[in-house]
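Residue numbers (our numbering): 1420 to 2050. The beta carbon of each residue, even a glycine, is placed where N, CA and C say it ideally should be.
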């Protein structure tokens, strides 16, 4: 009996010894699968839901394959990160290629995190936390996309963090003899600060923390490393500020290569992902151990805990994902406008569920104008003045104003805003393209050649530059270019520029509504904008010129509606001989009868009831759409 009992225990003991080995294999497999699956999921989500955002990102980026461009980036500390960031951002011209590069960097970061901090397999979910925070820092930007001055910012934090973690790994594997680690800390800050800015300082901080976790490392040496790191972090940026980088404000010298979220004030909430990222990495450094116990006594509990943390990370990322519908529709419409896909702009607008923004309204009107249907369809789309979903006042001048000015023939204003934003926020590919086209339209061929030469040094816009280079050699081609010729019809008669007070819509309304022209294309826009003033005198003054220009051509519906309405509101113009379509007359009579029938309703209810039947008419817009704000 005793013998059998012993055998049974031995057999049981054999199973217990086997289990940890099997568990370790599974852990090792899961430790690499979790970050890989997480990164792949993030890449797919970005590629599907943010393709217009990513494409716009590369338009607001500039990377030139020239030595001078590299030198320009290096005039501030951390400039090498901006150089790398702008290099990789250009690949968002093909959004899937750009996110593939970003995913590759995140996988490299996960590998380095595991190696640098010796993250045990059973805590592999911790590898996803920094990646999730980097993702949040990027996709929660919203309208900051147009205002951040840090070049290549979408990649800078990822590359900077990867560099910092790599430096920590090198510090840890260096031999303890001859003060190698101590010297490495000093070199990291001295040589790294000009290249990586804040991230070199942060790497030194991580080294100071992990020094206290290294085995067989004397306490005195740990203290020396910490002291060297502290002195270097404080002193080196000051020395560089006094010698090389005095164009950087002294309050910012410790934070170079970080995005600067400041408009009227500093918006600290947008730094939270980066602060949590720093805390997570310091925690990993403080938790470092050379040998971790990898055995898991309760695999089911461990697996459930890992899944719960993973679900928490996913929910957190999704919660902070910037999902504003107007912002994303604006980006899509802007992309279509640049590609001359006017019908797609209207499709975007029709499929939009939320109350639209003024930028959307203006791009929709631009699309209708290019399709020759603005006078018939402008009011058939839901109107709105939803402000940009940003904690600061975001202006149309930055988000879409250059394109709108350009397409309405105000090329001087387009050029001016490109120049101003280039100086304020850094030069972007979009600026160079608009300035090139504006120069061609104005006949400034030598200026156009300058921007052509710059665009030829980009990766994806060289063909565009070479296309327009032929126009410089043969200016007569400008007259044959459909896009440029259309815009020339809308240009003002005088070469002028005044202040628009950063209010593009109001400026365009005043510009067109109070000018007349013998050009039918210009005059139609003058009448359309006069329509939007709802000023009867202004409308009639533009209508007479318009009627003379079109001869016996059909007058669009909305213009007929305005003429018929104004003719009844004021008995100053005889409209009895005007060829109104019967549907215009019937709709007017029906509108007035219905308004009288529902006159007992409070205005909000009346407005809703009338919109259901007359929302696509100028009659409704005249009486019920008022007090809208422009941005």
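*asked:* If you measure between the beta carbons of residue 1623 and residue 1648, is that distance less than 8 Å?
replied: yes
_C-beta atoms of residue 1575 and residue 1676 nearer than 8 Å_ = yes
*asked:* With three or more beta-carbon pairs closer than 8 Å as the criterion, would you say the stretch 1459 to 1475 touches the stretch 1516 to 1531?
replied: Contact holds: three or more Cβ-Cβ distances are below 8 Å.
*asked:* What does the alpha-carbon distance come out to for the pair residue 1987 and residue 1915?
replied: 39 Å
*Would you call the CB atoms of residue 2010 and residue 2038 closer than 8 Å?*
yes
*asked:* For a test of the three-state rule: what should DSSP assign to residue 2027, helix, strand or coil?
replied: When DSSP states are grouped into helix, strand and coil, residue 2027 belongs to the helix group.
*According to DSSP, which residues form a beta bridge with residue 1685?*
1681
*Apart from the five residues just before and just after residue 1946, which ones in its own chain have a Cβ nearer than 7 Å to its Cβ?*
Result list for residue 1946: 1961, 1962, 1965 and 1978, in chain order.
*Give me the Cα-Cα distance between residue 2023 and residue 1800, rounded to the nearest whole angstrom.*
19 Å
_Among 2032, 1818 and 1874, whose alpha-carbon lies nearest the alpha-carbon of residue 2013?_
Nearest to residue 2013 by alpha-carbon distance, out of 2032, 1818 and 1874, is 2032.
*residue 1637: buried (16+ other C-beta within 10 angstroms of its C-beta) or exposed?*
exposed
*asked:* Taking 7 Å as the limit between beta carbons, can you name the residues of its chain near residue 1778, skipping five residues before and five after?
replied: 1749, 1815, 1818 and 1819
*Does the Cβ of residue 1509 have 16 or more other Cβ atoms within 10 Å, making it buried, or fewer, making it exposed?*
Buried: at least 16 other Cβ atoms inside 10 Å.
*Taking three-plus beta-carbon pairs below 8 Å as touching, is the stretch 1560 to 1574 in contact with the stretch 1802 to 1813?*
yes
*Cβ of residue 1586 within 8 Å of Cβ of residue 1601?*
no
_Would the stretch 1640 to 1659 count as touching the stretch 1471 to 1490 if we require 3 or more Cβ pairs under 8 Å?_
Pairwise C-beta distances place the stretch 1640 to 1659 out of contact with the stretch 1471 to 1490, as fewer than three of them are shorter than 8 Å.
*asked:* Let me check understanding here. Comparing Cα to Cα, which of 1620, 1993, 1782 and 1954 lies closest to residue 2040?
replied: 1954
*What alpha helix (DSSP H) runs, 4 residues minimum, are completely inside the stretch 1779 to 1862?*
1793 to 1796, 1821 to 1826, 1830 to 1844 and 1848 to 1860
_Cutoff 8 Å; reference residue 1457; Cβ partners in own chain excluding five residues on either side_ = Beyond the five residues adjoining it in sequence on each side, residue 1457 comes within less than 8 Å, by CB distance, of 1547, 1550, 1551, 1729 and 1732 in the same chain, given in chain order.
*Determine the direct distance from the alpha carbon of residue 1605 to that of residue 1813, and round the result to whole angstroms.*
43 Å
*Compare the beta carbon distance of residue 1571 and residue 1505 with 8 Å and say whether it is the shorter of the two.*
yes
*Candidates 1888, 1838 and 1793, of which the one nearest residue 1871 by Cα*: 1888
*asked:* So, for residue 1909: in the same chain, excluding its five sequence neighbours on each side, which residues have a beta-carbon less than 6 Å away from its beta-carbon?
replied: 1827, 1828 and 1941
*Would DSSP call residue 1950 helix, strand or coil?*
Three-state DSSP puts residue 1950 in a helix.
*Alpha carbon to alpha carbon, what distance is there between residue 1835 and residue 2001?*
47 Å
*Residue range of the alpha helix (DSSP H) that residue 1647 falls in?*
1638 to 1662
*Candidates 1884, 1877 and 1631: which alpha carbon is nearest residue 1867's?*
It is 1884.
_Residue nearest to residue 1763 in terms of C-alpha spacing, selected from 1541, 1773, 1789 and 1743_ = 1789
*Measure the CB-CB distance between residue 1745 and residue 1773 and report whether it falls below 8 Å.*
yes
_residue 1771 burial status per 10 Å Cβ neighbour count (16 or more: buried)_ = buried
*Grouping DSSP H, G and I as helix and E and B as strand, with all else coil, what is residue 2049?*
In the structure shown, residue 2049 falls within a coil segment according to DSSP collapsed to helix, strand and coil.
*Which word fits residue 1985, buried or exposed, when buried means at least 16 other C-beta atoms lie within 10 angstroms of its C-beta?*
buried
*What whole-angstrom Cβ distance do residue 1857 and residue 1880 have, given they're in contact under 8 Å?*
Going by Cβ atoms, the distance from residue 1857 to residue 1880 rounds to 16 Å, so no, they are not a contact pair.
*Using a threshold of 8 Å, state whether the C-beta atoms of residue 1603 and residue 1589 are closer than that.*
yes
*CA-CA distance, residue 1507 and residue 1582?*
16 Å
*Spatial distance of residue 2063 from residue 1591 (CA atoms)*: Shown here, the chain extends from 1420 to 2050; a query on residue 2063 therefore has no answer.
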